[in-house]
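The numbering used here puts the first residue of the sequence shown at 3, with every later residue one more than the last. These notes concern the structure reproduced below.
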Amino acid sequence: MSDSFIGERDELIASVQSNAEHLPPMMRCYLGYKADYPEHLLLLQVGDFYELFFEDATVAAAALDVRLTSRNKNSENSIPMCGVPVHAIDAYIPKLLAKGFSCVIVSQTSEAKAKGPVLREITRIITPGVRYEGEGLDEKKFNYLAACALNARESGALVFVDVSTGSLRVGEVENLENLLEMLERVSPSELILPSTLFGVSTKENQNWLRKVRKKANELNCHIVMRPFVVVSERDISRRLEMLLRENSSVGVGAASDNSRGLSQEACSALAAAINYVEEVSFGPLARIFQFTVEKSNGVVFIDAATRRNLELFETRIDGTRKNSLIDLMDLTQTAMGSRLLREWLSAPSCELDVIESRQAAVEELVRLDSSRARLRELLAAVRDIDRLMSRVTTMRATPRDLRVLADSLSELPEIRRFLGECSSEMLKRLLADFDTLEDICRKLNSALVDEPSNKINEGGIIREGFSSNVDDLRELSGEAKQWLLKLEAEEKIRTGISGLKVRYNNVFGYFFEVTKSHLSKVPSHYQRKQTLANAERFSTDELKSLEVSVLSAKARQIELEKELFIELRSYVAGEAHRIQATSRGLSLLDVFAALAELAHRRNYCRPKIVQGTKLHIKAGRHPVIEMVIGAHNFVPNDCTLDSEGEGKYFALLTGPNMGGKSTYLRQVGLIQLLAQIGSFVPAESAELSLVDRIFTRIGAADDIARGDSTFMVEMREATTIVKRATERSLVLIDEIGRGTATADGLAIATSIAEWLHDCIGAKTIFATHFHQLTSLAEAKKGVSCITVGIVEDGDEIIFTHRIENGTADRSYGLEVARLAGLPQPLLQRARMAMSSFENCETLTSDLFNQPLSSQIAVFADNSSVPPAREDVPSSNAEHELVVERILSFDINSMTPLQALRELEALQNELSQ
Ligand code: ADP
Ligand code: MG
């Protein structure tokens, strides 16, 4: 929600409030709540609808696609409003959350028919950052609420918590850049910012807040403001212990150890986050199972542009998951594993021992081929334990949830046996901590029926033999049912109505049903209850008394089952810590098994991680393109970069369009990234040193969807790279300087290349269509030239997609144009223009002394030639206007989207 939006609404509310005494009680009630919860959409129950008013109504109507109406239509104080039916609220809320809104739900608590004022209270607060399973969460992603604070020196902390899985993390940051990077990586759905920090009001224009807000807006993250107060380390560790202790005594020590040495900002942000969860949670508070403090330099930083360019989670073309890296790689079987893999991909490790121990685990699982298949089968039967447990501990879990949990747990003993056969250090460590939870599983199985209901107040939960009380009541109601059947048989005989039936519904209870044709035989003591189209329903005193005993036994049984279920759920909640620890182990095992499966299926190798700065890939492939076009169609390529000694660390890549430059660049980036999550890589072999950051800047031409002027985007991304890359980074630059005129484009590309080589010394691949740049190789010792192989066969040109040493002597643009089907005469003309250009750096008037039309005459291969411009029938006035409009466009100030829209408008006009 933007600030201006809050501002406008505040004004409107203020103007209405000044006339508050004229407002009906309902509107006054609304404004009262609104004042307390300005950041949320407020949904107020009015009879059968939840209504929204003012700006809330305007934005919600658009977001939900419901009709916007208004209250007091004809008065000058008409108020926009819209509403959704009370019964359908759960269908609408995920839509609002998905669009980044949060909601406060105020429900009526007094009967609508009752006399006196309608009573209302807040029944739910739903915000994007505090959500549980069942509220439209994506099971493959974490959902974070974050809070951050920086001090005057701009160091501080980011705290992020996912209540749906119970993980809470703190990252200390050294500066604003760090904070923004971490924010980008975590990409929370909601962020708490200080309205006051340690008692001092934080003005909006404070540098870091402004930048954090901007970043949050880019990330589509909902912002709320809360006071951040001074909290001592002792207080915060006590609160953390409370959150953890609820589950068990294990881990409490860990909490206090971990929270020791936290900065003041971290403590304060932690408190703000916990307070906020408390504030919006009605009912038991989410529990925290895992509290970790992150090292800021432990992970590879990948900025948003790079994530997009490498298509880690979605493709650039349509923004969907299909054909993204994660789509290819995610062979995990559990939701926990899937989320963990995504975390690893967005934050690969910089720590050698972490990477190597993961590699060893993957390697072992690659080798254990047939048992890996069995392991993956077992894992496939394990459900999202983490999110189930957060439902259990917040008392939301249904009987079916516990059944699902029990079924998942029953896989554990065999999974443990599998681990028992493993010898890599990582898997042995997993085994040591692996609790098979058989006691819990046994208890759940003995208590729950095989297919319990999803509601807790309908019975059908508790298994026979678990509670003698339930069994007795069941017998009683079972017997009573026998009596009913007996009564039915007797009545048939007594009345002579063979079709008479005892039936039941929720409204009328038990009744005799008699079809119309037999009505004459109904005895007089039968009391009519209901008339249907072709039958009537009756009761008798005897039936009524039986009904009472059936229903009361049933009601007591249901009540008792519910009590036992709640007891069972509390028991499971009490064991949450053990269950979560096992779940963590499962998620790791799942990711290792998935990486092993991937390596096996796609023939990946284990990269050797080396000290120093070397990057050497033998026969590397692009993991996704290889899959799309088929492995046998993909041409593997080597890559060597090294900044040590006399090494070449800056590869200047030239070559024709469509030759495979962008593919090569990305494949090197992806291989490095995969290596640093501990995965095998698509190559014959690889020796890689660790990098601290991976940057990419890829093809301006493709950025149209972003609505920014492409050159601006290009320069912004370049700025990030030159400012943030270090000598330990991997930089991949594709076609820089394309979005502007040739001369300044070349100038900028040259100086960026020089800067990267001289001042930063990062390992770089620099693909460019400016072959003038290849002269850098002569001047700079670290530069090597590589190019895309071409085979010229007479007139034909074939791209081999093989990367070789050397430079492209020209760009082959004309060949590509020819392949694309431009008419011969046009190409011929272009060749003339080019030679003229090459000779004198500018087009000579000589060229234009030979009109194009005359050349068409010479080169025309008849009918396919379009008429030259002067042969076009004289254009009508409309066309003149269009031409004028085109000439008036200020291309430099237009975004690609604006340009497209203009084009569309023109097209529409012309086709009318
Ligand atoms: P450039 O950046 O040089 O214009 P791209 O990297 O976009 O070229 O590649 C163009 C097309 O060529 C890709 O869509 C891909 O299908 C194919 N291609 C690229 N590299 C290879 C390769 N190594 N083996 C097989 N096909 C490739
Ligand atoms: Mg390209």
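Glycine is no exception: its CB is placed at the ideal position from the N, C-alpha and C atoms.
Asked	Found
Going by the DSSP bridge assignment, what does Y506 pair with across the sheet?	Y512
Can you tell me whether K737 sits near ligand 2, meaning its C-beta is under 7 Å from at least one heavy atom of the ligand?	First, the amino acid is wrong: residue 737 is Glu here, not Lys. Correct: E737 has its Cβ closer than 7 Å to ligand 2.
What are the partner residues of Q691, as DSSP defines its beta bridges?	Residue 691 is actually Ser in this sequence, not Gln. For S691, which the question treats as bridged, DSSP gives the partners V612.
Leaving aside the five residues before and after A349 along the sequence, list all residues of the same chain whose C-beta is less than 6 Å from its C-beta, in chain order.	R187, V301
Is the beta carbon of L732 sitting closer than 8 Å to the one on V790?	no
Give the C-beta separation of H224 and G102 to the nearest angstrom, bearing in mind that I take them to be a contact with Cβ-Cβ under 8 Å.	5 Å
Count the CB pairs spanning the segment 39-59 and the segment 81-90 that are closer than 8 Å, and state whether there are at least three.	yes
Could you give the distance in angstroms between the alpha-carbon of L147 and the alpha-carbon of D892?	43 Å
Compute the beta-carbon to beta-carbon distance between S351 and I679, rounded to the nearest angstrom, for a pair I have assumed lies under 8 Å.	7 Å
Measure the Cβ-Cβ separation of A653 and F768 and say whether it is below 8 Å.	yes
Return the chain-ordered list of same chain residues with a C-beta closer than 7 Å to the C-beta of S412, the five sequence neighbours on each side being excluded.	C443
Please look up how many angstroms separate the CB atoms of E316 and T308, rounded, as I've assumed it's under 8 Å.	So it is not a contact: roughly 13 Å between Cβ atoms.
Less than 6 Å between C-beta atoms, sequence neighbours within five positions excluded: which residues of the same chain meet that for A383?	E413
Kindly indicate which residue of L70, M29, L272, E313 has the alpha-carbon position closest to the one of I700.	E313
Tell me the DSSP bridge mates of V818?	Answer is none; V818 lacks a bridge partner.
Does the beta carbon of S197 fall short of 7 Å from some heavy atom of ligand 2?	no
Per the contact definition of three or more C-beta pairs closer than 8 Å, is the segment 192-203 in contact with the segment 216-232?	yes
So, does the segment 628-636 touch the segment 740-756, judging by three or more C-beta pairs under 8 Å?	no
For a test of your reading of the model: does the CB of S326 fall under 7 Å from any non-hydrogen atom of ligand 1? Yes or no.	no
Taking the continuous alpha helix (DSSP H) assigned at H624, which residues delimit it?	It is not in any alpha helix (DSSP H) - H624 carries neither H nor E in the DSSP assignment.
Can you tell me the Cβ-Cβ gap for K783 and L617, rounded? I've got them flagged as a contact below 8 Å.	Wrong, their Cβ atoms sit about 18 Å apart, outside the cutoff.
Mind checking which residues open and close the alpha helix (DSSP H) that includes Q774?	Note, Q774: premise wrong, no alpha helix (DSSP H); not H, not E.
I'd like the ranges of any alpha helix (DSSP H) spanning at least 4 consecutive residues and lying wholly in the segment 520-594.	543-576
According to DSSP, Y52 sits in a beta bridge with which residue or residues?	Q47, V86
CA-CA distance, K483 and S541?	16 Å
Report the rounded CA-to-CA distance for M834 versus E719, giving the unit in angstroms.	37 Å
Going by DSSP, what residues sit across from N639 in a beta bridge?	G622
Below 7 Å CB to CB, which residues in the same chain sit around E353 once its five sequence neighbours on both sides are set aside?	G300
Which class does M836 belong to by DSSP, given the choice of helix, strand or coil?	helix
Write down the C-beta distance between A154 and A268 rounded to the nearest angstrom, noting that I regard them as a contact closer than 8 Å.	Contact doesn't hold; Cβ gap of about 16 Å is too wide.
Assuming I499 and H520 form a contact by the criterion Cβ under 8 Å, report the distance between their Cβ atoms to the nearest whole angstrom.	5 Å
Taking the Cβ atom as the reference point for each residue, do P334 and V626 lie within a distance shorter than 8 Å?	Strictly speaking, residue 334 in this sequence is Thr, with Pro absent from that position. No, these two residues do not count as a Cβ contact at 8 Å.
Report the rounded CA-to-CA distance for T897 versus T712, giving the unit in angstroms.	7 Å
For I750, I'd like the list of residues in its chain whose CB is within less than 6 Å of its CB, leaving aside the five on either flank, ordered along the chain.	G739
Can you tell which of K531, Y512, I560 has its C-alpha closest to the C-alpha of L545?	Y512
Assign E420 to one of three DSSP states: helix, strand, or coil.	Strictly speaking, residue 420 in this sequence is Phe, with Glu absent from that position. Three-state result, F420: helix.
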